[in-house]
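Undergrad: Chains as they are written, first to last, in the numbering used here: chain A, -1 to 141; chain B, -1 to 141; chain C, -1 to 141; chain D, -1 to 141; chain E, -1 to 141; chain F, -1 to 141.
What follows is the structure, given as structure tokens:
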């Protein structure tokens, strides 16, 4: 039986600042422009989590979306929503809070919980604005 | 010459109920929650059909979208729109009407007609709410 | 001090059937077409509730959105979500379940609770599909 | 000749914190919940500015949208985008940074510039999330 | 019985050029910028038509949306869709093809047909891009 | 280190006509229908450009989006926006202006500039209407 991909969207609103620890504010401004404003700025983030698996014939689902939603909320949204990504989010410690690094860190938070359901984590997508998004598919030799 | 992927969106509004025949209403409620309401509920479904092929140099299209749209409407939309998926849709007989099973069944309805156009069916995507969607890519050893 | 209008969106998925009690199924079909399918169909409804009031200087809000959201959920969404509007919704008893009648009935459900907050109910908007919506502003001699 | 309403959308990303100066952090948390997080959070704001006027017969516009866009950017967006609304925005000094107060303050920033174009400012709308927005129509006895 | 407002969206794709007959191409360019490109450009237009009326108790509708849709398509969409607004649309002859003038001209096309249904035409809204729209409410002393 | 996919959306409004040089207007109409209107029509196009690369540890980006945006604007948007695709766009000369051919031609415009940044061009997606889009992934034996 072939695989179906199932995607759940969750949302969080957070503050951040693009900032490289070893650089001065001026150096950060030169690289990141207004995204490095020392007083922070923020976004409405859309998070899309895609899992992959066979449809279980008895229930007709790859996996129950309520379970996926609960995992995402407990492990990711509750830690990010209405937070400052630079200073309050344990899994973003020591990482520049770009959408790229968010996607990778969220993948790492979610993967063990998704695997425990008997399905694979396929993609973590972060939409930062209506014009920008990133996608991460895990460590994958084929990509 | 390399391939282009062409996607057409069509929409349908339908009623359904998540329901496993062999279980009581209570058992269904335990698994599916309010999605198993015996009096039905419904959705505005978005269906995205993606085909893959080379661009035909004389017409500049992979395939005429009007042809794709007609195939989707005649074989899928006309059977689903303003219907009850559990009891009125021939190709969903004996299947739990999840988005996953809808995607697989729609794939099977469409594939022979798409292949007859000289292009491949690549993906059937069903968006059930703004927060949930599934994608099916056919029986595929690489996935 | 002048007024600010505050709008909250909530969503529900429901089944319905356009159906006039005194008419046969054929007569209903003639007036409503496929919207009268005896086996039901359904929609993802968007509900927008707009209240009007002065900004309270101490808190900076017209009213706390969490309060508005709770009122809408307890009085409207919990009764409509994943339900059959024709047969399960107390405040839609004996009413044809059009978007128009939904908007009027939801207004009546919400108004006393909104007034109790010291603000006015201004508009109830129901979006049934991406192409159709209705707005109701209450009984209003100026409209 | 009757009036046409012309609306321009502009966007800004900003950080803020719901916070009443005279209250402790705990008191603020009790009223505002997570929106009062001392480390800030943020949003992608959509700003819709509606002006009202007669169509000028020679150019076919109520007013050139490029002019409107320039006014909004110079007087509002440049001051808000990638900023902290609580501490960096001159026209939000001493005001609780709710969407309501943002709309009123933006109205005051824009109105003289809009009137100078020979048209009226009709509405300032602030969309804070996909579920919440406010509208302000100025000081208006009829509202 | 109070009034309900009912809105139908229809879409058309058209070419146009902002162009004042009595001016040279250079003068047009100075006023309209790239919108005056002599070789045309185009848009996906969204048209929202709002009618106002009482809910008819026997059918539960202000008016059947299929009737509204048919009127809009026959009188407006069929004349605009995949057309050049400057040179092919009878009701835009001798008018600068701005969104403002489109809204007014569409109002004039629709109003007699809407009134014939026993309801009022309330608003014609034209969305030209995701950032710009105009609204026209007819000749109205109160506006 | 594994790869992240980064997508930037840019927009352009343009006129075009589906037209095969060697055919009469009638023959073109027979194949393309109203899309071949000799007086042109147009669209609001959404262009999504996806690049693939490793996250640079010092800046936290695959590549700075401002750089991507500048490349897309200088090489693609400035040549297409408010233009006639059939007669004004150098890289669409002698090509039927379908979404498919646009995607391929835009890929060719962008690829050398993207590669020069040390990342790969992964996908060019063109959305012509809310119901239609195409995706091109370059010349790729695996597709």
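All residues carry an ideal CB built from backbone N, CA and C; glycine is no exception.
I think residue 3 of chain F touches residue 50 of chain F, with their Cβ atoms under 8 Å apart; what is that distance to the nearest whole Å?
TA: Contact holds; Cβ gap of about 5 Å.
Undergrad: Flag residue 84 of chain E as yes if its beta-carbon sits less than 8 Å from any beta-carbon of chain D, otherwise no.
TA: No - not a single Cβ of chain D is within 8 Å of the one on residue 84 of chain E.
Undergrad: Exposed or buried, which one is residue 114 of chain D when buried takes at least 16 other CB atoms within 10 Å?
TA: Per the 10 Å Cβ criterion, exposed.
Undergrad: Kindly say whether residue 136 of chain E, judged by its beta-carbon, lies nearer than 8 Å to any beta-carbon of chain D.
TA: Chain D, which has a Cβ nearer than 8 Å to the Cβ of residue 136 of chain E, makes this yes.
Undergrad: Quick one: any contact between the segment 122 to 135 of chain F and the segment 57 to 69 of chain F, if contact means 3 or more CB pairs under 8 Å?
TA: The segment 122 to 135 of chain F vs the segment 57 to 69 of chain F: no contact.
Undergrad: Within the same chain, show all residues whose beta-carbon is closer than 6 Å to that of residue 102 of chain F, passing over the 5 residues directly before and after it, in chain order.
TA: So the qualifying residues of the chain are 134.
Undergrad: Does the beta carbon of residue 12 of chain A come closer than 8 Å to any beta carbon on chain D?
TA: Yes, residue 12 of chain A counts as interfacial toward chain D.
Undergrad: If we count the other Cβ atoms within 10 Å of its Cβ and call it buried at 16 or more, is residue 104 of chain A buried or exposed?
TA: It counts as buried.
Undergrad: Are there 16 or more other CB atoms within 10 angstroms of the CB of residue 107 of chain C, so buried, or fewer, so exposed?
TA: Flag for residue 107 of chain C reads buried.
Undergrad: Which residues share a DSSP beta bridge with residue 5 of chain F?
TA: DSSP, once it has assigned bridges, lists A:131, F:48 as partnering residue 5 of chain F.
Undergrad: For residue 21 of chain F, decide whether its Cβ has a neighbour in chain E, counting only Cβ atoms nearer than 8 Å.
TA: No, no contact with chain E.
Undergrad: Do residue 10 of chain E and residue 45 of chain E have their beta-carbon atoms positioned less than 8 Å apart in this structure?
TA: A contact, by the Cβ cut-off of 8 Å.
Undergrad: What does DSSP give as the partner residues of residue 81 of chain B in its beta bridges?
TA: Its beta-bridge partners are B:12.
Undergrad: Identify which residue in F:30, F:5, F:109 has its Cα closest to the Cα of residue 17 of chain F.
TA: Considering only alpha carbons, the answer is F:30.
Undergrad: Counting C-beta neighbours from all protein chains within 10 Å, is the total for residue 138 of chain B 16 or more, i.e. buried, or is it exposed?
TA: Exposed.
Undergrad: From which residue to which residue does the alpha helix (DSSP H) around residue 141 of chain F run?
TA: Where residue 141 of chain F is concerned, there is no enclosing alpha helix (DSSP H), given that its DSSP letter is neither H nor E.
Undergrad: Is DSSP giving residue 111 of chain F helix, strand or coil here?
TA: In the structure shown, residue 111 of chain F sits in a helix (DSSP, three-state: H, G or I).
Undergrad: Does any C-beta atom of chain D lie closer than 8 Å to the C-beta of residue 69 of chain E?
TA: It does not: the Cβ of residue 69 of chain E has no partner Cβ on chain D nearer than 8 Å.
Undergrad: Tell whether a beta-carbon distance below 8 Å holds between residue 40 of chain E and residue 97 of chain F.
TA: Contact: no.
Undergrad: Pick helix, strand or coil for residue 137 of chain B, following the three-state DSSP scheme.
TA: Three-state result, residue 137 of chain B: coil.
Undergrad: Could you tell me whether any Cβ in chain A is nearer than 8 Å to the Cβ of residue 79 of chain D?
TA: Output row for residue 79 of chain D: interface = yes.
Undergrad: Kindly list, in the order they appear in chain A, the residues whose Cβ is closer than 7 Å to that of residue 29 of chain B.
TA: Within chain A, the residues near residue 29 of chain B are 57.
Undergrad: Distance cutoff 8 Å, beta carbons only. Does residue 65 of chain D sit that close to anything in chain E?
TA: No, because no Cβ of chain E sits closer than 8 Å to the Cβ of residue 65 of chain D.
Undergrad: Residues bridged to residue 122 of chain B by DSSP?
TA: Partner(s): B:47, B:134.
Undergrad: What does a CB cutoff of less than 7 Å around residue 75 of chain A pick up in its chain, not counting 5 residues either side in sequence?
TA: So the qualifying residues of the chain are 8, 10.
Undergrad: Distance check for residue 59 of chain B and residue 123 of chain F, CA to CA, integer angstroms please.
TA: If I take the Cα positions, the gap works out to 15 Å.
Undergrad: Taking only beta-carbon atoms, is residue 18 of chain C less than 8 Å away from chain E?
TA: Yes - at least one Cβ of chain E is within 8 Å of the one on residue 18 of chain C.
Undergrad: Out of E:25, E:21, E:80, E:5, state which residue places its alpha-carbon closest to the alpha-carbon of residue 27 of chain F.
TA: Nearest C-alpha to residue 27 of chain F: E:80.
Undergrad: Find the residues of chain E that neighbour residue 129 of chain C, judging by a C-beta separation of less than 7 Å, and give them in chain order.
TA: Those within 7 Å of residue 129 of chain C in chain E are 6, 7.
Undergrad: Can you give the beta carbon distance from residue 61 of chain E to residue 5 of chain E, rounded, assuming they're within the 8 Å contact cut?
TA: The pair is not a contact, with the Cβ atoms about 12 Å apart (cut-off 8 Å).
Undergrad: Name, in chain order, the residues that DSSP records as bridge partners for residue 20 of chain E.
TA: Residue 20 of chain E pairs with nothing; no bridge assigned.
Undergrad: Against chain C, does residue 47 of chain E count as a neighbour if the rule is that its beta carbon must be under 8 Å from one of theirs?
TA: Output row for residue 47 of chain E: interface = no.
Undergrad: Reducing DSSP to helix, strand and coil, say where residue 116 of chain E ends up.
TA: If DSSP states are grouped into helix, strand and coil, residue 116 of chain E belongs with coil.
Undergrad: For residue 31 of chain E, name the three-state secondary structure that DSSP assigns.
TA: Residue 31 of chain E falls in the helix class under three-state DSSP.
Undergrad: I'd like to know whether the C-beta of residue 103 of chain F is nearer than 8 Å to at least one C-beta of chain B.
TA: Not closer than 8 Å to any Cβ of chain B, the Cβ of residue 103 of chain F fails to qualify, so no.
Undergrad: Alpha carbon to alpha carbon, how far is residue 24 of chain C from residue 136 of chain C?
TA: If you take the alpha carbons of residue 24 of chain C and residue 136 of chain C, they lie about 34 Å apart.
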